[in-house]
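Everything in the sequence shown is counted per our numbering, starting at 32 for the first residue and increasing by one. Just so you know, even glycine gets a beta-carbon here, dropped at the ideal spot from N, CA and C. Working notes for the structure below.
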Amino acid sequence: MNGEATPLNLSLLPEPPAVEKRSSSSFKLHFKILIAVLSAVLVLFLGLLLCFKLYRRITQFEILEDWELDCPHRFRYRDLHIATKGFKETELLGVGGFGAVYKGVLPSTGNQVAVKKISPNSIQGIREFAAEIECLGRLRHKHLVNLQGWCKRKSDLLLVYDYIPNGSLNFLLIDSKNNIVLSWEHRVNIIKGIASGLLYLHEEWEQVIIHRDVKSSNVLIDADMNARLGDFGLARLYDHGQLSHTTNVVGTVGYIALELARTGKASTRTDVYAYGVLLLEVATGKRPLESDNFILVDWVLEFQQLGQILDVVDPKLGSDYAVEEMELMLGLGLLCCHHIPEARPTMRQVLRYLNGEDLLPLINWSSVNSQRSEMSSGFLEINSKDYSHISSSMGVISATSLDAAGR
32 MNGEATPLNL SLLPEPPAVE KRSSSSFKLH FKILIAVLSA VLVLFLGLLL CFKLYRRITQ
92 FEILEDWELD CPHRFRYRDL HIATKGFKET ELLGVGGFGA VYKGVLPSTG NQVAVKKISP
152 NSIQGIREFA AEIECLGRLR HKHLVNLQGW CKRKSDLLLV YDYIPNGSLN FLLIDSKNNI
212 VLSWEHRVNI IKGIASGLLY LHEEWEQVII HRDVKSSNVL IDADMNARLG DFGLARLYDH
272 GQLSHTTNVV GTVGYIALEL ARTGKASTRT DVYAYGVLLL EVATGKRPLE SDNFILVDWV
332 LEFQQLGQIL DVVDPKLGSD YAVEEMELML GLGLLCCHHI PEARPTMRQV LRYLNGEDLL
392 PLINWSSVNS QRSEMSSGFL EINSKDYSHI SSSMGVISAT SLDAAGR
């Protein structure tokens with residue numbers, strides 16, 4: 032307005048703000064926010080996925096089939112895997128008919144257990160697994176092996192028992208490799224214990240249970256030298272007052288009652304027969320069958336007829352036994368093995384005889400022997416032709432594995 036203006040000195044002007052830098056910084060800020068949001072979403076998604084998988088595993092573990100509803104504690108496979116050191120060979124106690132038995136130490140309690148792993152793809156093994164859980168799982172008696180629990184993971188079937196340190200009665204009584212001699216007091220205590228256990232199965236539980244495989248290798252001896260009957264893989268249940276519907280021959284040759292080989296029908300009387308053989312086995316220290324020509328029951332019966340019953344006593348005992356108790360055990364064993372099922376005592380009567388509350392009935396063993404011989408010859412012929420599959424391998428824990436579980 033007052034003339035020509037002074038020229039601008041551009042060098043004195045401040046630097047303009049960097050527009051490009053400002054937009055770059057804003058972009059980086061937005062990018063960081065986006066990354067943070069995506070990361071949070073990803074972490075949340077992974078967390079939900081993990082929770083879903085855990086939920087699936089828990090629900091699958093808790094879903095039980097009908098036959099499992101009344102069963103004892105179900106173990107996790109991982110715990111049993113740890114307990115047996117991954118089912119390591121060094122923990123193997125023995126191999127039975129349908130699986131192997133391992134010694135284990137539970138990580139949660141430190142208690143020793145015997146873990147039977149059922150062989151995969153074994154239909155009979157699966158049946159044994161279910162029968163063992165159904166029968167033994169709900170039973171509680173001081174003379175029965177305690178089933179602590181079980182585990183089922185896909186094809187893996189496992190049974191968990193108390194670990195019995197002294198092995199089977201068969202191992203202690205007959206195995207020539209050990210130098211153990213069971214005293215007479217221990218033998219009497221053992222037979223009374225098994226009688227008590229069978230009475231519980233036959234009469235005192237809510238249902239009748241036929242064991243169907245009573246034998247010395249299925250009797251375990253605990254640390255206090257008390258007997259425990261195990262291996263309920265062949266057991267069958269039915270209601271009191273009803274008749275058993277079992278029609279197949281199972282068990283171990285030498286302990287099978289004569290009528291069972293003929294009809295295939297098991298009953299409490301067939302269990303009594305097997306118990307009678309066990310009595311004779313404990314008294315004589317001999318196996319039920321030692322050769323084609325030796326049948327323990329017939330051998331003892333022959334000496335009974337000759338009036339020389341004490342000649343069959345186990346030589347390991349020497350003279351360290353009570354004569355009256357030995358005669359009672361041998362006579363009761365023969366009575367339990369009577370060829371007529373109705374002539375055999377019940378397990379309640381057996382205990383009364385053993386406790387001295389009743390006297391054994393007088394029996395004409397001469398007439399019994401001739402009738403029994405005819406039936407025995409037919410029995411052996413049947414077993415050699417039709418029942419060759421019946422062996423000590425049948426039966427949870429099986430003969431071998433129960434023996435191993437104890438040892």
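Item checked: L44 in three-state terms, based on DSSP -> On the sequence shown, position 13 is the one that residue 44 refers to. L44: coil per DSSP, three-state reduction.
Margin query: Can you list, in chain order, the residues of its chain with a C-beta nearer than 7 Å to that of G228? Leave out the 5 residues immediately preceding and following it.
Written below: The residue labelled residue 228 in the question sits at position 197 within the sequence shown. The answer, listed in chain order, is H172, H174, L175 and L260.
Next item on the list: Quick one: using the 10 Å Cβ neighbour count with 16 as the cut-off for buried, is K38 buried or exposed?
Entry: One-based indexing of the sequence shown puts residue 38 at position 7. Looking at the sequence itself, residue 38 is Pro, so the reference to Lys does not match. P38 comes out exposed.
Notebook entry, point to check: Can you give the Cα-Cα distance for S186 and T294, rounded to whole angstroms?
Noted result: Residue mapping note: residue 186 aligns to position 155 of the sequence shown, counting from 1. Residue mapping note: residue 294 aligns to position 263 of the sequence shown, counting from 1. Going by the C-alpha atoms only, they are around 35 Å apart.
Next item on the list: Determine the direct distance from the alpha carbon of K119 to that of L111, and round the result to whole angstroms.
Entry: Translated into positions along the sequence shown, residue 111 becomes position 80. Translated into positions along the sequence shown, residue 119 becomes position 88. The straight-line gap from Cα to Cα measures roughly 12 Å.
Checklist line | Endpoints, the alpha helix (DSSP H) within which R383 is located | finding: Counted from its first residue, the sequence shown places residue 383 at position 352. Element bounds for R383: M378 to L385.
Checklist line | For E358 and F410, the rounded distance between their alpha carbons | finding: Here residue 410 is taken as the residue at index 379 of the sequence shown, counted from 1. Here residue 358 is taken as the residue at index 327 of the sequence shown, counted from 1. Its pLDDT being 47, under 50, F410 is placed unreliably by the model, and nothing is read from it.
Note to self: So, does the segment 366-378 touch the segment 242-262, judging by three or more C-beta pairs under 8 Å?
What the structure shows: no
Item checked: Other residues of its chain near Y108: CB distance less than 6 Å, five sequence neighbours each side excluded -> As a position in the sequence shown, residue 108 is number 77, starting the count at 1. Correct list, in chain order: C182 and R184.
Check: So which of R243, V74 and L268 has the shortest CA-CA distance to A292?
Finding: Along the sequence shown, one-based indexing puts residue 292 at 261. The shortest Cα separation from A292 among R243, V74 and L268 belongs to R243.
Item checked: Cβ shell of V136 (< 8 Å), same chain only, five flanking positions each side left out -> Counting from one through the sequence shown, the residue named residue 136 turns up at place 105. Answer for V136: A114, N142, Q143 and V144, listed in chain order.
Check: If you compare alpha carbons, which of L79, N177 and V308 is closest to H370?
Finding: Working through the sequence shown from its first residue, we reach residue 370 at position 339. Taking only the C-alpha atoms, the option nearest H370 is V308.
Check: Hey, would you say A258 sits closer than 8 Å to G224, going by beta carbons?
Finding: Residue mapping note: residue 258 aligns to position 227 of the sequence shown, counting from 1. Residue mapping note: residue 224 aligns to position 193 of the sequence shown, counting from 1. Cβ distance < 8 Å, so A258 and G224 count as in contact.
Notebook entry, point to check: How about D302 and I241: do their beta carbons lie closer than 8 Å?
Noted result: As a first step, residue 302 is located in the sequence shown; it is residue number 271 there, counting from the start. As a first step, residue 241 is located in the sequence shown; it is residue number 210 there, counting from the start. Cβ distance < 8 Å, so D302 and I241 count as in contact.
Notebook entry, point to check: What did DSSP end up calling S186 once you bin it into helix, strand or coil?
Noted result: By one-based count along the sequence shown, residue 186 stands at place 155. Note: S186 maps to coil in three-state DSSP.
Next item on the list: Mind reading off the beta-carbon distance from V239 to H271? Whole number of angstroms is fine, and I expect it under 8 Å.
Entry: As a position in the sequence shown, residue 239 is number 208, starting the count at 1. As a position in the sequence shown, residue 271 is number 240, starting the count at 1. V239 to H271, Cβ: 6 Å. Contact.
Item checked: alpha helix (DSSP H) segment containing R293, residue limits -> What you label residue 293 is simply residue 262 of the sequence shown in a count that begins at 1. Start and end: L289 to T294.
Notebook entry, point to check: Which same chain residues, not among the five before or five after F160, have their C-beta less than 6 Å away from its C-beta?
Noted result: Locating residue 160 in the sequence shown gives position 129, counting from the first residue. Closer than 6 Å at Cβ, skipping near neighbours: I149 and L188.
Check: Nearest CA to the CA of V191: which residue from S298, I64 and N177?
Finding: Reading the sequence shown from its first residue, position 160 is the one you call residue 191. For the residues S298, I64 and N177, the minimum Cα distance to V191 belongs to N177.
Check: CB of I241 to nearest heavy atom of the ligand FMN: below 7 Å?
Finding: The ligand content of the structure shown is nil, which means the ligand FMN is not present either.
Margin query: From the DSSP secondary-structure annotation, give me the bridge partner or partners of K134.
Written below: For the purposes of this step, residue 134 is taken as the residue at position 103 of the sequence shown. Looking at the DSSP assignment, K134 forms a beta bridge with A145.
Item checked: Secondary structure of W215, DSSP reduced to three states -> Start at 1 with the first residue of the sequence shown, and residue 215 comes out as number 184. Note: W215 maps to helix in three-state DSSP.
Notebook entry, point to check: Per DSSP, what kind of secondary structure is V250 in: helix, strand or coil?
Noted result: Walking along the sequence shown from the start, residue 250 turns up at place 219. Of the three classes helix, strand and coil, the one that applies to V250 here is strand, per DSSP.
Check: Going by beta carbon distance, what residues of the same chain come within less than 7 Å of A353, once the five residues before and after it are set aside?
Finding: Along the sequence shown, one-based indexing puts residue 353 at 322. Excluding positions up to five away in sequence, the list reads W215.
Check: According to DSSP, which residues form a beta bridge with W181?
Finding: For the purposes of this step, residue 181 is taken as the residue at position 150 of the sequence shown. Paired residue(s): R105 and L190.
Notebook entry, point to check: Measuring CA to CA, which of K147, L213, G338 and I205 is closest to D193?
Noted result: Here residue 193 is taken as the residue at index 162 of the sequence shown, counted from 1. Among K147, L213, G338 and I205, the Cα nearest to that of D193 is on K147.
Next item on the list: Figure out for me which residue from P138, W236, G198 and A131 has the closest Cα to the Cα of R169.
Entry: Locating residue 169 in the sequence shown gives position 138, where the first residue counts as 1. Considering only alpha carbons, the answer is W236.
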